[in-house]
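*Asks:* In the working numbering, the protein residues as written are 1160 to 1547.
Even for Gly, the Cβ is constructed at its ideal location relative to N, Cα and C.
Quick one: the structure is below, questions incoming.
Structure below.
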């Protein structure tokens, strides 16, 4: 029996180490043969300083039998082992959510600014919408090919369930772009803040869902605020107004189809939006060609280049890239934060876009118009609180 003991010098605690064959339970004993000429012995070591066992092995050789080693055992009166797993602190979680929101809002603001600049110089929303979907699709295909992002594992059933979502997404995207080509960015987003009202009405009358009374009451400031802003808008345009309304309705159906079709699917938010963009691009391209056409695009492109210069190409590239990035971040955020937090963030996003667009484009706005926008956004916030 070989036991190596290391004894520190400065510790004053007392440890008693006892080794006895009968101290091990039967299930944990090592098959060690005893000597017939000797009785079982009890070895007791008592010291006034702690002993550290660095190796403990029992080697008995009887004739030519193999070596028996007992490396470790579980003591009868062992103390529970404390395992401390450090979880992210509340402050770290808040910082993480703040980074998601800041990135989401910043990308959305940049997209809206460049999108409006492009539409002012090149008033062809169908091609502009197509280019934004094409840029995102190309970016994701390159990411998958270079293994920067893992490609999703999809099947035919996945694409079948994605088709109605893509149709609704395409309609909503084009309608919003048409709206921004006709009216101010701030007005488009004020009207789009009324999307919860469409969601409740469609769910109630088409799907038969019921909601608590606070949800219905939150629709009053939403509808009232949007109506007040529309009536007091200095540069009101019916095409722009209807485009924003159609976009609201389309995105409501997109959310409904997405919830029904994606249950149980294991596709990440980033890859889900990438697949959605690709399918929407296939749907939109033939309609864009039929509505506007290459000849119109070529003439408009030459006009924009002559007026703006080479910077116009950068504007088109920026609005296309940032459209995909801000949507991608929003879908990725859904994987990390709660729906309630996402709804609050979406409400604050509207405020950041409206305020920044008014400042950058020097959009004239009346106090009564600003009041209507504030009421509508407040109603949207109250809706998110009552809904979840």
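1. Can you tell which of 1410, 1505, 1383 and 1290 has the C-alpha that lies nearest to the C-alpha of residue 1265?
2. If you run the structure through DSSP and keep just helix, strand and coil, what is residue 1273?
3. Can you check the segment 1313–1376 for any alpha helix (DSSP H) of at least 4 residues that lies completely inside it and give the ranges in chain order?
4. Should the segment 1396–1405 be regarded as contacting the segment 1529–1547, the criterion being three or more beta carbon pairs within less than 8 Å?
5. Using DSSP with H/G/I as helix, E/B as strand and the rest coil, what is residue 1413?
6. Could you pull out every residue in the same chain whose Cβ sits closer than 8 Å to the Cβ of residue 1289, ignoring the five residues on either side in sequence?
7. Determine whether the beta carbon atoms of residue 1284 and residue 1362 lie at a separation below 8 Å.
8. Can you check which of these residues, 1367, 1376, 1366 and 1306, is closest to residue 1356 by C-alpha distance?
9. What is the DSSP secondary structure of residue 1383, reduced to helix, strand or coil?
10. Could you check where the alpha helix (DSSP H) with residue 1450 kicks off and where it finishes?
11. Is the separation between the beta-carbon of residue 1520 and that of residue 1344 shorter than 8 Å?
12. Can you find the residues in the same chain that come closer than 6 Å, C-beta to C-beta, to residue 1197, ignoring five residues on each side of it along the sequence?
13. In whole angstroms, what is the alpha-carbon distance linking residue 1388 and residue 1318?
14. Determine the extent of the alpha helix (DSSP H) in which residue 1307 is found, giving its start and end residues.
15. I need the boundaries of the alpha helix (DSSP H) containing residue 1467, first residue and last residue.
16. Rounded to whole angstroms, what is the Cα-Cα separation between residue 1460 and residue 1427?
17. What's the C-alpha gap between residue 1465 and residue 1281?
18. Can you look up residue 1486 in the DSSP assignment and give me helix, strand or coil?
*Replies:* Working from what's here:
1. The residue given as residue 1265 occupies position 106 in the chain shown. It is 1505 whose Cα lies nearest to the Cα of residue 1265.
2. Stepping through the chain shown from its first residue, residue 1273 is reached at position 114. Residue state, collapsed to three classes: helix.
3. 1315–1341, 1344–1351 and 1354–1364
4. no
5. Numbered from its first residue, the chain shown carries residue 1413 at position 254. If DSSP states are grouped into helix, strand and coil, residue 1413 belongs with the helices.
6. Taking the first residue of the chain shown as position 1, residue 1289 is located at position 130. Counting only Cβ-Cβ distances below 8 Å, and skipping sequence neighbours, we find 1440, 1443, 1444 and 1447.
7. In the chain shown, residue 1284 corresponds to position 125, counting from 1. In the chain shown, residue 1362 corresponds to position 203, counting from 1. Not a contact, by the Cβ cut-off of 8 Å.
8. Position 197 of the chain shown, counted from the first residue, corresponds to residue 1356. Ranking 1367, 1376, 1366 and 1306 by Cα distance to residue 1356 puts 1376 first.
9. As a position in the chain shown, residue 1383 is number 224, starting the count at 1. Three-state result, residue 1383: helix.
10. Stepping through the chain shown from its first residue, residue 1450 is reached at position 291. Segment 1428–1450, the alpha helix (DSSP H) holding residue 1450.
11. As a working note, residue 1520 is residue 361 in the chain shown. As a working note, residue 1344 is residue 185 in the chain shown. Yes; because the gap between Cβ atoms is below 8 Å, this pair is in contact.
12. The residue labelled residue 1197 in the question sits at position 38 within the chain shown. At residue 1197 the pLDDT is 49, less than 50, meaning the model places this residue with poor confidence; the figure from the coordinates comes in the next sentence. Excluding positions up to five away in sequence, the list is empty.
13. Looking up residue 1388 in the chain shown gives position 229. Looking up residue 1318 in the chain shown gives position 159. Between residue 1388 and residue 1318, the C-alpha separation is close to 40 Å.
14. If you number the chain shown from 1, residue 1307 lands on position 148. Neither: residue 1307 is in no alpha helix (DSSP H) and is coded neither H nor E.
15. Here the question's residue 1467 lines up with position 308 in the chain shown. Segment 1453–1467, the alpha helix (DSSP H) holding residue 1467.
16. Here the question's residue 1460 lines up with position 301 in the chain shown. Here the question's residue 1427 lines up with position 268 in the chain shown. So the alpha carbons of these two residues sit roughly 37 Å apart.
17. As a position in the chain shown, residue 1465 is number 306, starting the count at 1. As a position in the chain shown, residue 1281 is number 122, starting the count at 1. If you take the alpha carbons of residue 1465 and residue 1281, they lie about 11 Å apart.
18. Counting from 1 along the chain shown, the entry for residue 1486 is found at position 327. Helix at residue 1486.
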